Structure formats: C-alpha cells, structure tokens
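Quick notes on the structure that follows.
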Amino acid sequence: MNVVDYEVRGENLVVKLGKELDHHNALKAEEDVDKAVMSGNVKNVGQLLIHHI
12 MNVVDYEVRG ENLVVKLGKE LDHHNALKAE EDVDKAVMSG NVKNVGQLLI
62 HHI
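Residue numbering for the sequence shown follows my numbering, beginning at 12 and increasing consecutively.
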C-alpha cells in the first residue's frame, strides 16, 4: 500500500492512509484529495486508518 491511496465509490471518496504519514505526504494527499473532490461527483469523504502492529 502506498502512503495514501484513494478511490471514488459512487458519491464517496475513500481515503486509505498507510503507516508512514508525515507532514510532506499529508500535504500531497490533501492536494490529491481536493482535486478528486473538485473533478468528480464526490459528496462524502471517508477515512480508513491502517494500523500496523
């Protein structure tokens, strides 16, 4: 899994966060998610946190 993956499911944008999310990756993820929301029919954004033990 990448640090941040996302996919559009109907009207939902599902964001999957990997274990190594730092402020640089978070800024890139924010830009990518903003573009996905603006370009599609996204009405809801969900977040799936992946915890590695």
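Each residue gets a CB set at the ideal place from its N, CA and C atoms; glycine is no exception. Predicted model, so just to flag it, every value in this text is computed and none were measured.
Check the C-beta distance from residue i over to residue j and give it rounded, since I have them as a contact under 8 Å.
i	j	result
residue 26	residue 15	7 Å
Could you tell me which residues DSSP puts in a beta bridge with residue i?
i	result
residue 16	27
residue 56	24
Hey, how far is the Cα of residue i from the Cα of residue j?
i	j	result
residue 45	residue 18	13 Å
residue 24	residue 42	14 Å
residue 52	residue 22	6 Å
residue 1	residue 34	Since the first residue shown for the chain is 12 and the last is 64, residue 1 is missing from the structure and cannot be characterised.
For residue i, count the other beta carbons within 10 Å of its own beta carbon; 16 or more makes it buried, fewer makes it exposed. Which is it?
i	result
residue 28	buried
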